[in-house]
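See below for the structure under consideration.
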Amino acid sequence: MSTGHRDVVVAGLADLRERERVVVEVDGLELGVYLHAGEVRAWHNVCPHQGGPVCQGKIMPRTIQPLRDDRKSAGPAFHPADRNIVCPWHGFEFDILTGRHPAHSGVGLRPIPVRVEGDEVIVTI
Amino acid sequence: MPDFPTPRSDGPRIRELAEIGGRSDTRDVLAHATKQAQREYDDYFIVDIDAHVSEDHFWGEVLERIDNDVWRHIGMDQFGKFAGNNALLNIQPGMSHQSVGGRIGHQGRKEPMDGESGHPFVTAARRGMDAMGLDYQVVFPSAMLLLGMHPQDEVEVVLGRAFNRWLTEVVLRQDDRLKGMLYLPYNTPEVCEELVEKYADDEGIIGYTVCSTRNNPVHSDVYTRLYKLIEASGKPLAFHSGYHWGDPSFAQLNRFLSMHALSFTHYNQIHVTNWIINAMPERFPDIKMVWVESGLAWIPFLMQRLDHEVLMRPSEAPGLTRLPSEYMKEMWYTSQPMERTSMELLEAGMKAFNAETQLLYSSDWPHWDWDAPSTITRLPFLSEQAKRNILGLNAARVFNLPTDRRKPAATSVLQQRPGIS
Numbered sequence: 001m002s003t004g005h006r007d008v009v010v011a012g013l014a015d016l017r018e019r020e021r022v023v024v025e026v027d028g029l030e031l032g033v034y035l036h037a038g039e040v041r042a043w044h045n046v047c048p049h050q051g052g053p054v055c056q057g058k059i060m061p062r063t064i065q066p067l068r069d070d071r072k073s074a075g076p077a078f079h080p081a082d083r084n085i086v087c088p089w090h091g092f093e094f095d096i097l098t099g100r101h102p103a104h105s106g107v108g109l110r111p112i113p114v115r116v117e118g119d120e121v122i123v124t125i
Numbered sequence: 001m002p003d004f005p006t007p008r009s010d011g012p013r014i015r016e017l018a019e020i021g022g023r024s025d026t027r028d029v030l031a032h033a034t035k036q037a038q039r040e041y042d043d044y045f046i047v048d049i050d051a052h053v054s055e056d057h058f059w060g061e062v063l064e065r066i067d068n069d070v071w072r073h074i075g076m077d078q079f080g081k082f083a084g085n086n087a088l089l090n091i092q093p094g095m096s097h098q099s100v101g102g103r104i105g106h107q108g109r110k111e112p113m114d115g116e117s118g119h120p121f122v123t124a125a126r127r128g129m130d131a132m133g134l135d136y137q138v139v140f141p142s143a144m145l146l147l148g149m150h151p152q153d154e155v156e157v158v159l160g161r162a163f164n165r166w167l168t169e170v171v172l173r174q175d176d177r178l179k180g181m182l183y184l185p186y187n188t189p190e191v192c193e194e195l196v197e198k199y200a201d202d203e204g205i206i207g208y209t210v211c212s213t214r215n216n217p218v219h220s221d222v223y224t225r226l227y228k229l230i231e232a233s234g235k236p237l238a239f240h241s242g243y244h245w246g247d248p249s250f251a252q253l254n255r256f257l258s259m260h261a262l263s264f265t266h267y268n269q270i271h272v273t274n275w276i277i278n279a280m281p282e283r284f285p286d287i288k289m290v291w292v293e294s295g296l297a298w299i300p301f302l303m304q305r306l307d308h309e310v311l312m313r314p315s316e317a318p319g320l321t322r323l324p325s326e327y328m329k330e331m332w333y334t335s336q337p338m339e340r341t342s343m344e345l346l347e348a349g350m351k352a353f354n355a356e357t358q359l360l361y362s363s364d365w366p367h368w369d370w371d372a373p374s375t376i377t378r379l380p381f382l383s384e385q386a387k388r389n390i391l392g393l394n395a396a397r398v399f400n401l402p403t404d405r406r407k408p409a410a411t412s413v414l415q416q417r418p419g420i421s
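In order, the protein sequences belong to chains A and B.
Note that this note's numbering has the first sequence beginning at 1, numbered continuously upward.
Note that this note's numbering has the second sequence beginning at 1, numbered continuously upward.
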């Protein structure tokens, strides 16, 4: 078995654009590939909390706490742009683009190098 | 499906993994746990002391076993018309936030059972036990955990009786890896006594449950005969914690997060405090007390707090011959939800209550905040023997369970679902 890095086409760009997320296993390595705000990201399908299949959960807008001008709470709201990956095991959430937990910058997903060439989404594993 | 390139013989093997939701097969949801078992603990004997039987999903089966004609009629009428799975219960559906707005699908899940024989809960439970690498699983009720706050004591009695019948006659008989703790309608002590005697020899019942979310003082003399019966049975008495939005103690809380963080420790703290300060361990020294689903962080707090108070005010705890912490070190605690954001605090806390001999692994599956067995195997400060004790050997001692392997190999469990999870 080779120990070197290799490029693997894991999705078509048009398909990923339509579906927002594709989760695959490539020779035993599980990863999720995301397209959001014109950016492509790939993350290991392993939650840093308990090892859950984080990329197989829901995608949700980030919940925020807006304030009125007088600093009173305006109630919870969905962020108009930010999208979170939600681990289906326990609800840990991670920003699609940064992989970071919204309340703890030290907790995040492990990235996988990913690029787009033509219509091909290619990860380096 | 994505547009994968045409497979070549030397190309990578690529398969798509499906989104996990409320209708996913338990084995798919837990496939990562099965892989953890395969790598880390496939040879461990594991007993899960707290999982949930999801009785509210089969509520009609429970209601039809009510032994009072009038209450059965009212329950079935509500069930068929407007209350459904909440018939006769005192839960507030609009205040049920456990799934985090549907983000966590296995809370309240309903997986298809096409082609499977037997009761659907038993099938789902067997899948869960196999996927997590469990030899035994002890199941508690879910919606009924709040019944201690029901304003109609007689409803707790009829539902408690019906649930015990359903649990023993329908669920536990179908798989002897599943075990149950008898529901005690603790607001009515004489019925608790009747039930302990009735189920004394039931092989599936390995202990007794009081749902902690209630205001009964556990030291009350009304329970003296019940405790004597439980002590004589040799089976443990467990207090399973919970929450209740109607409790004035929590009226200021506006999030389920806050409620969950405080209430699940609150009720068991009160009951442990009353149990010890009223010298119940001296009066009933052979009752095996198990405190369920409060996590661990509260235990060292309460040990130190009560020791501090008793040293200053011994006249108010005249039945004690030792400090409260010494009695607490002789009780058992279930692990979930195990707080572990600080390993230093967790290690000190576990040392305080002798976790190596007193801690019992629990998953709380299929609830939203469940813990996999890897939460124990991955603790860096535990010895190999301590991990084996906590994951199963302590439970075998408390519940008199044989330690022969009962689960299939993790490798074979994974092979049953090729290409799906």
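Ideal placement from N, C-alpha and C gives every residue a C-beta, glycine not left out.
- Task: Scan the stretch 70 to 99 of chain A for residues whose Cβ lies nearer than 7 Å to a Cβ of chain B and list them as they occur along the chain.
- Result: Here the close residues are V86, P88, H90, G91.
- Task: Could you tell me if B:M95 is buried or exposed, where buried requires 16 or more neighbouring beta carbons within 10 angstroms of its beta carbon?
- Result: Exposed, because fewer than 16 other Cβ atoms sit within 10 Å of the Cβ of B:M95.
- Between B:A251, B:W370, B:S294, B:H32, which lies nearest to B:T265 when the distance is taken from Cα to Cα? Nearest option by C-alpha distance: B:S294.
- Which residues in the same chain as B:R406 place their Cβ atom closer than 6 Å to its Cβ, once the five residues preceding and following it in sequence are excluded? Closer than 6 Å at the Cβ level, and outside the excluded window around B:R406, lie D135, R177.
- Message: Within 8 Å of any Cβ in chain B, is that where the Cβ of A:Q50 sits?
- Response: At a cut-off of 8 Å between beta-carbon atoms, A:Q50 makes contact with chain B.
- Would you say A:G57 faces chain B, with C-beta separation under 8 Å as the test? By this cut-off, A:G57 is an interface position.
- Query: Hey, is B:D25's beta-carbon within less than 8 Å of any beta-carbon in chain A?
  - Reply: Judged by the 8 Å Cβ criterion, B:D25 is not in contact with chain A.
- Task: Whole angstroms is fine: what's the gap from B:P185's alpha carbon to B:E193's?
- Result: Rounded to the nearest angstrom, the two C-alpha atoms are 10 Å apart.
- Task: Following the continuous alpha helix (DSSP H) through A:A14, name the residue where it begins and the one where it ends.
- Result: Unbroken alpha helix (DSSP H) run through A:A14: 13 to 19.
- Message: For a quick check, are the C-beta atoms of B:V290 and B:T341 less than 8 Å apart?
- Response: Taking 8 Å as the Cβ cut-off, B:V290 and B:T341 do not qualify as a contacting pair.
- Message: Whole angstroms are fine: how far does the CA of B:F399 sit from the CA of B:M280?
- Response: Between B:M280 and B:F399, the C-alpha separation is close to 21 Å.
- Task: Return the CA-CA distance between B:D247 and B:R109, expressed in angstroms with no decimal places.
- Result: Linking B:D247 to B:R109 through their CA atoms gives a straight-line distance of about 28 Å.
- Query: Can you give the Cα-Cα distance for B:R313 and B:H219, rounded to whole angstroms?
  - Reply: C-alpha separation (whole angstroms): 19 Å.
- Message: What does DSSP give as the partner residue(s) for A:R100 in the beta ladder?
- Response: Its beta-bridge partners are A:G108.
- Item | Closer than 7 Å: B:V157 CB and nearest the ligand ADP heavy atom | Annotation note on the ligand ADP: not contained in the displayed structure, which lists no ligands.
- Secondary structure of B:S241, DSSP reduced to three states: Here DSSP, grouped into helix, strand and coil, assigns B:S241 to coil.
- Query: Can you tell me whether B:K81 is buried or exposed, with buried defined as 16 or more other CB within 10 angstroms of its CB?
  - Reply: By the C-beta density criterion, B:K81 is exposed, having fewer than 16 other C-beta atoms within 10 angstroms.
- Task: Let me know if B:D77 comes out buried or exposed under the rule of 16 or more other beta-carbons within 10 Å of its beta-carbon.
- Result: By the neighbour-count criterion, in which a residue is buried when 16 or more other Cβ atoms sit within 10 angstroms of its Cβ, B:D77 is exposed.
- Task: Just tell me which of B:K351, B:E344, B:E339, B:F381 has its CA closest to the CA of B:M328.
- Result: It is B:K351.
- In chain order, what residues of the same chain have a beta carbon less than 7 Å from the beta carbon of B:I287, not counting five sequence neighbours either side? Close CB contacts of B:I287 within its chain, under the 7 Å cut and outside five residues either way in sequence, are with Y227, I230, E231, L237 (chain order).
- Since A:D7 meets chain B, which of its residues come closer than 8 Å, beta carbon to beta carbon? Those within 8 Å of A:D7 in chain B number zero; the least Cβ separation is about 10 Å.
- Query: What are the complete beta strand (DSSP E) segments, minimum 3 residues, inside the stretch 179 to 225 of chain B?
  - Reply: The stretch 179 to 225 of chain B contains these whole beta strand (DSSP E) runs: 205 to 211.
- When the distance is taken between beta carbons, is B:L89 closer than 8 Å to B:A143? Against a cut-off of 8 Å, the Cβ pair of B:L89 and B:A143 comes out as a contact.
- Message: Rounding to the nearest angstrom, what Cα-Cα distance links A:R19 and A:D69 in this structure?
- Response: Between A:R19 and A:D69, the C-alpha separation is close to 38 Å.
- With distances taken from CA atoms, which of B:R127, B:F140, B:L17 is nearest B:E55? For the residues B:R127, B:F140, B:L17, the minimum Cα distance to B:E55 belongs to B:F140.
- Message: With a threshold of 8 Å between beta carbons, is A:P53 in contact with chain B?
- Response: Judged by the 8 Å Cβ criterion, A:P53 is in contact with chain B.
- Query: Within 8 Å (strictly less), CB to CB, does B:D3 reach chain A?
  - Reply: Interpretation of B:D3 is limited by its pLDDT of 48, a score under 50 that renders its predicted location unreliable; the figure taken from the coordinates is listed afterwards. It does; some Cβ of chain A falls within 8 Å.
- Straight-line Cα distance separating B:D28 from A:I112: Here the alpha carbon of A:I112 sits roughly 23 Å from the alpha carbon of B:D28.
- Message: Measuring alpha carbon to alpha carbon, tell me which residue in A:A14, A:T124, A:H49 is nearest A:R100.
- Response: That would be A:H49, whose Cα lies nearest to the Cα of A:R100.
- Message: My output table needs one value for B:Q137: the three-state DSSP class, helix, strand or coil.
- Response: B:Q137: strand per DSSP, three-state reduction.
- Any C-beta of chain E sitting closer than 8 Å to the C-beta of A:E30? No chain E appears in this structure, whose protein chains are A and B.
- Message: Cβ closer than 7 Å: which chain B residues qualify as neighbours of A:V10?
- Response: I14, listed in chain order.
- Item | Boundaries of the alpha helix (DSSP H) in which B:Y41 is found, first to last residue | Per DSSP, B:Y41 is not a residue of any alpha helix (DSSP H), being assigned neither H nor E.
- Task: Tell me, please, whether the CB atom of B:S374 is closer than 8 Å to any CB atom in chain A?
- Result: So, interface residue.
- Query: Looking at the structure shown, is A:M60 part of a helix, part of a strand, or coil, going by DSSP?
  - Reply: Shown here, A:M60 sits in a strand according to DSSP, grouped into three states.
- Which residues does DSSP pair with A:F78 in a beta bridge? Beta-bridge pairing by DSSP links A:F78 to A:T63.
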